[in-house]
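Numbering (UniProt numbering), first residue to last: 1 to 320.
All C-beta atoms, glycine included, are put in the ideal place defined by N, C-alpha and C.
Treat the numbers as computed from the prediction; the structure is a model and nothing was measured.
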Amino acid sequence: MTKINWHYEQMTSGVHIALRSEKELVNVETEFQDVSIFETRHLGKVMRIDDGIQVTTKGEHIYHEMMAHVPILFHGNIKNVLIVGGGDGGSAREVLKHKSVENVVMVDIDEQIIQLSREFLPEINNGAFDDPRFVLRIGDGAEIISQYSDCFDLIILDAADPDGGASETLFTQSFFGNCLTALKKNGILVAQGGTPYFEPYMMQSMVSRLTQAFNNPAGIYMGGCYDYFGGSHAFIWATRSGTIDTLSLEELGSRFTQADIHTKYYSPEAHFGAFFLSKDMRDYVNQAVKCENVDELSMPEAGDWDDYTPATSNQSDDDE
Ligand code: SAM
């Protein structure tokens, strides 16, 4: 009888997802977070932080390609990039594919995440951490951001969801205001906005706060990140003026060809199509842009979740 290890993520009081682990690679409590990395049958290697899926080697390229190439190919001349979070190195890897990029500063609160990513998930950073254009700063992004003014053409917020962990400080109005200060005049901010079909509050509250901080309606584009439970993933963008969905498919095609980069998911068509939102998503965004008090948005259920975790790891199941 083999012991089968299951990792559970509680999405709501009534929805748990479970990943069967084929091999535990590491389980460690760092100074800031609980981290586990394990091998699975169908998602490759998985990193979880505080019981939340962060990245899988099977599906991470979708998230990281859409996070990086949409703003970079729209802007057309991104040189200086700030990544807040991103400790697995996937966002840095994709950004550094662009020859126009001269400097990438990555601020992560937890140095151990970078060490663990180097050791157990080298295929994700794929050498990005050793690129001469890459600079790693260890610290709370919410503190370090205030050291920058008029510096970056692109800021990528690639932190975990704001569910009580170290990322909480990266979803506040004041942090977004400091991001605006750190951005150059035509700079773009993009941030992971969760899976709004399943739970829209996180995306809506960020769109509302960014709209207020940037004094310009923020927006979203979508990507099919199947390794985040709950449907298509929202990428939130914010700029001082205008929008980032104005390029034609032909222009995107020309810029992609000129960039001469290899991708697995990103294409000019995927980029162009990502901004055509379903009616419910469009309504969510319009509601958030007009909302000045996020408490008016429909909040996820409060913390009356069961502390019940389904029968876990050491239940001995017959190996299928
Ligand atoms: N793609 C994932 C997602 O969408 O949830 C994010 C993955 S990445 C591993 C999340 C990173 O955010 C971690 O490396 C973590 O250490 C970092 N992080 C969390 N809170 C932070 C903070 N306040 N400042 C800087 N980095 C932070």
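- Our two residues, R255 and A274, have alpha carbons roughly 17 Å apart in a direct line.
- Annotation: S100 to M299 spans about 41 Å, alpha carbon to alpha carbon.
- DSSP places T181 in the uninterrupted alpha helix (DSSP H) bounded by 173–182.
- Residue environment: S174 is assigned as exposed (fewer than 16 neighbouring CB atoms within 10 Å of its CB, all protein chains considered).
- The beta carbon of A92 lies closer than 8 Å to those of I83, G86, V104, M106, N125, A128, F129, D131, F134 in the same chain, with the five residues before and after it left out.
- A Cβ-Cβ contact shorter than 8 Å links I114 with L136.
- Shown here, I17 sits in a strand according to DSSP, grouped into three states.
- The nearest non-hydrogen atom of the ligand SAM is less than 7 Å from the C-beta of L170.
- Secondary structure of I145 (DSSP, three-state): helix.
- Excluding five sequence positions before and after E123, the CB atoms of its chain that fall closer than 7 Å to its own CB belong to T57, given in chain order.
- I4: not part of any beta strand (DSSP E); DSSP gives it neither H nor E.
- Counting of Cβ neighbours within 10 angstroms places I53 among the buried residues, the total reaching 16 or more.
- In this structure, Y284 sits away from V70, with a CB-CB distance that is not shorter than 8 Å.
- If only uninterrupted alpha helix (DSSP H) runs of at least 4 residues are considered, those enclosed by the stretch 232–310 are 249–259, 268–274, 279–290.
- When Cβ pairs closer than 8 Å are counted between the two stretches, the stretch 205–213 is seen to touch the stretch 281–296, the count reaching three or more.
- Distances from the CA of P217 to each of S13, W237, M202 were compared; the closest alpha carbon is that of W237.
- In the DSSP assignment, N125 falls outside any beta strand (DSSP E) and lies within the alpha helix (DSSP H) extending over 122–125.
- Taking the Cα positions, T40 is about 42 Å away from Q212.
- Counting every other CB atom within 10 Å of its CB across the protein chains shown gives Q192 a total of 16 or more, marking it as buried.
- According to the DSSP assignment, T211 belongs to the alpha helix (DSSP H) that extends over 201–214.
- Distance from the C-beta of V190 to the nearest heavy atom of the ligand SAM is not below 7 Å.
- In this structure, V190 is the residue among V190, L121, V55 with its C-alpha nearest to the C-alpha of R240.
- Taking the Cβ atoms as the reference, H271 lies roughly 32 Å from L116, outside the contact range of under 8 Å.
- Contact between D295 and G165 does not hold, since their C-beta atoms are separated by about 21 Å, which reaches or exceeds 8 Å.
- With respect to the C-alpha of G242, the residue from N186, I62, G230 having the closest C-alpha is N186.
- In the DSSP assignment, the residues bridged to D34 are E29.
- Restricted to the stretch 91–141, the beta strand (DSSP E) segments that are unbroken, complete and at least 3 residues in length are 103–108, 134–138, listed in chain order.
- Shown here for C179: same chain residues with a beta carbon closer than 7 Å to its own, the five before and five after excluded, namely I145, I155, L189 in chain order.
- Non-local C-beta neighbours of H61 in its own chain, meaning closer than 7 Å and more than five positions away in sequence, comprise K264, Y265, ordered along the chain.
- Taking 8 Å as the cut-off, the Cβ atoms of F198 and G230 count as close.
- L170 and G141 have their C-alpha atoms spaced approximately 7 Å apart.
- In the structure shown, F152 adopts extended strand secondary structure according to DSSP, grouped into three states.
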